[in-house]
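Here the sequence shown is numbered in my numbering, starting from 1 and rising by one per residue. Using N, Cα and C, we set each Cβ at its ideal position, and we do this for glycine too. Computed from a prediction, not measured in an experiment: that's the story for all the values here. Have a look at the structure below before the remarks.
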Amino acid sequence: MLTIAIQNGNVIDVRSKKIVKLNIGIQDGVIVQLSEMPLEATRVIDGTGLYVAPGFIDVHGHLDGYEYGGELSAMQGVTTTVGGNCGYCPVQLKEFFDEQDRRGYPINQAMLVGHDAPLREAVGLTDPHMLAEPEQIEQMKELARQALRDGACGVSFGLDYVPGCSIEEVKALASVCAEFGRICPVHTRLLVENDLYSLYEVIDVARQTGAHMLVSHFVYQYCNGMVPQAISMLEKARARGLKVEMDSGMYTNWSTYLNTTTFDLQNIQMNQWSWEQMVVGTGTYRGKVMTEELYHHMRAYHPNEAIVLFEGEEWEIYECLKLPYSMPSSDAGAYAVGEGHPQIAGTFPRYIREMVKERKLLTLEEAIYKGTLLPAEIFDFEKKGSIELGYDADLFLFDLDQIRDMAQYPHLGAPDAAPEGIPYVLVNGVLAVDEGICTHSRSGKCIRK
Ligand SMILES: [Zn+2]
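Written out as structure tokens, the structure reads:
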């Protein structure tokens, strides 16, 4: 007997980009039947009036094993997250993978090894302004190789946070990724707002090393009117055969920690950001709009809190996400209940609602493909991202009429409010969301490359 059957759903076949009426049979975490005939199972889910899609693969996250964030992702139909982004991986990968597999996690997890941490830290480059010596670069290359052997799916960079890093250092580590056929996501180095040289750097690394580069949270980097020009640079690089893609989110207003170089006073002044553009996302002052006094107080006494910076224009979001080589991503961080940025709970339902329903920029099949099979292929995750026989039973069911994000910015409401219209989510054949309720299941596995 099958463990779970999903009957009468409209199944989104992301490979053929067609919607088909099929019943899905699941056993031992795997899709074992796709049939027009009714199926018998211990649990039968009625998919009448619902779409059945492969679970989203969120290629840009910072959950890094944080449980609540995993549940917020699951509630959106995300069944796999990629952590260790923006040059920062806070864990030892080998131990992390073993520990997470022992404890279980709401969704599947893949990890990148971070350039800043652990690599730069491990060779003594603890100051982000320090330039690496040739020997240190050699040591970092060796450590990166070890991490890739331990199962990291690539090396991530957060060049904004490491002003002292030379392009030689990036190329050296990208070459290591190229050796392994793995990916290099880059949070680009914006010296000032509107800095397109930062994108040129990434393209140049792809050209000189042959590495597969991914520009992280593209709209966060190039909003404020630069998106069309930034896209045309990427298109030219791709037309020359370089492997460069992007992931991008559903908001222009990004968030990072107050203690980063991004929020150094000098950088704030250089970018001409006003205090009113900043809202505190976490901690005692959550929801407060920044003032000069609060900024100095928080830098001194609350440096680890997240700040949301408001900038850019909404149309820039859609320019990025309608491209055939862009993938939707959340940039979700590890925040406590009631805190953070709405991207942690709203990104994916908002993506479907805006891109498919409201603006009709993508067909439903194309939109789902860009968040499932496309990332599975780019990251080379086997048996993921599609509803096919023998594939992992990572799925979600949604009501296209009802689907909507409810998460708000911290000064307006709850950033972690769960979306509506997603009644069922399965991770490796186990219900992580059942009738719209989080089951607190822990069926996610680590994806070791
Ligand atoms: Zn980033």
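Open item on the list: Can you tell me whether residue 158 sits near ligand 1, meaning its C-beta is under 7 Å from at least one heavy atom of the ligand?
Closed with: As a first step, residue 158 is located in the sequence shown; it is residue number 158 there, counting from the start. True, at least one ligand heavy atom lies under 7 Å from that Cβ.
Open item on the list: On the CB-based measure, 16 or more other CB atoms within 10 Å of its CB, does residue 449 come out buried or exposed?
Closed with: Locating residue 449 in the sequence shown gives position 449, where the first residue counts as 1. Buried, by the Cβ-count rule.
TODO: Please confirm if the region 315–329 is in contact with the region 37–47, defined as three or more CB-CB distances below 8 Å between the two stretches.
DONE: By the Cβ rule, the region 315–329 does not count as touching the region 37–47, because fewer than three pairs are nearer than 8 Å.
Task: Three-pair Cβ contact test at 8 Å for the region 59–66 versus the region 403–420 - done: no
Task: residue 43 (DSSP reduced to helix, strand or coil) - done: Locating residue 43 in the sequence shown gives position 43, where the first residue counts as 1. Reduced to three states, the DSSP call for residue 43 is strand.
Task: Residues whose Cβ lies closer than 5 Å to any heavy atom of ligand 1, in chain order - done: 86 and 187
TODO: Flag this pair as touching only if the region 379–389 and the region 274–290 have three or more C-beta atom pairs under 8 Å; answer yes or no.
DONE: Short answer: they don't touch.
Task: Exposure of residue 192, with buried meaning 16 or more beta-carbon neighbours within 10 Å - done: Sequence index remark: in the sequence shown, residue 192 carries index 192 (1-based). Counting Cβ neighbours within 10 Å, residue 192 comes out exposed, since fewer than 16 surround it.
TODO: Put residue 176 into one of helix, strand or coil per three-state DSSP.
DONE: Stepping through the sequence shown from its first residue, residue 176 is reached at position 176. Residue 176 falls in the helix class under three-state DSSP.
TODO: Please work out which residues of its chain come closer than 8 Å, Cβ to Cβ, to residue 2, disregarding the five sequence neighbours upstream and downstream, and give them in chain order.
DONE: Residue 2 sits at position 2 when you count from the first residue of the sequence shown. Answer for residue 2: 25, 26, 27, 32, 33, 39, 40, 41 and 42, listed in chain order.
- [ ] Excluding the 5 residues preceding and the 5 following residue 88 in the sequence, name in chain order all residues of the same chain whose CB lies nearer than 8 Å to its CB.
- [x] Here residue 88 refers to the residue found at position 88 of the sequence shown. Taken in chain order, the residues that qualify are 62, 114, 116, 117, 156, 158 and 161.
- [ ] Closer than 6 Å by C-beta to residue 174: which residues in its own chain qualify, once you throw out the five before and the five after it? Chain order, please.
- [x] If you number the sequence shown from 1, residue 174 lands on position 174. 184, 205, 209 and 211, listed in sequence order.
Task: Spatial distance of residue 336 from residue 367 (CA atoms) - done: What you label residue 336 is simply residue 336 of the sequence shown in a count that begins at 1. What you label residue 367 is simply residue 367 of the sequence shown in a count that begins at 1. Rounded to the nearest angstrom, the two C-alpha atoms are 30 Å apart.
Task: Run of the beta strand (DSSP E) containing residue 3, from where it starts to where it stops - done: Against the sequence shown, residue 3 aligns to sequence position 3. First-last of the beta strand (DSSP E) with residue 3: 2–7.
Task: Distance between beta carbons of residue 77 and residue 310, contact taken as under 8 Å - done: Here residue 310 corresponds to residue number 310 of the sequence shown, with the count starting at 1. Here residue 77 corresponds to residue number 77 of the sequence shown, with the count starting at 1. Not a contact, Cβ separation roughly 27 Å.
TODO: Could you work out which residue in 110, 166, 181 and 165 is closest to residue 145 when comparing CA atoms only?
DONE: Sequence index remark: in the sequence shown, residue 145 carries index 145 (1-based). It is 181 whose Cα lies nearest to the Cα of residue 145.
Task: Whole beta strand (DSSP E) elements within the region 111–164, 3-residue minimum - done: The beta strand (DSSP E) runs of length 3 or more contained entirely in the region 111–164 are, from start to end of the chain, 155–158.
Open item on the list: Please classify residue 102 as buried or exposed, where buried requires at least 16 neighbouring CB atoms within 10 angstroms.
Closed with: Along the sequence shown, read from residue 1 onward, the residue named residue 102 stands at position 102. Residue 102 is exposed by the Cβ-count criterion.
- [ ] May I ask you to list the residues that DSSP assigns as paired with residue 183?
- [x] Counting from 1 along the sequence shown, the entry for residue 183 is found at position 183. Answer is 154 and 212, bridged to residue 183.
Open item on the list: My output table needs one value for residue 14: the three-state DSSP class, helix, strand or coil.
Closed with: Taking the first residue of the sequence shown as 1, we reach residue 14 at position 14. Coil.
TODO: Under the assumption that residue 214 contacts residue 245 (Cβ atoms under 8 Å), give the Cβ distance between them as a whole number of angstroms.
DONE: The residue given as residue 214 occupies position 214 in the sequence shown. The residue given as residue 245 occupies position 245 in the sequence shown. About 5 Å; that satisfies the 8 Å criterion.
Task: residue 241 versus residue 203 - alpha carbon distance - done: Position 241 of the sequence shown, counted from the first residue, corresponds to residue 241. Position 203 of the sequence shown, counted from the first residue, corresponds to residue 203. Distance between the alpha carbons of residue 241 and residue 203 is about 11 Å.
Task: Outcome for residue 109 when other beta-carbon atoms lying within 10 angstroms are tallied against a minimum of 16 - done: Locating residue 109 in the sequence shown gives position 109, where the first residue counts as 1. Buried, because 16 or more other Cβ atoms sit within 10 Å of the Cβ of residue 109.
Open item on the list: Rounded to the nearest angstrom, what separates residue 196 and residue 230 at their Cα positions?
Closed with: In the sequence shown, the residue the question calls residue 196 occupies position 196. In the sequence shown, the residue the question calls residue 230 occupies position 230. About 7 Å.
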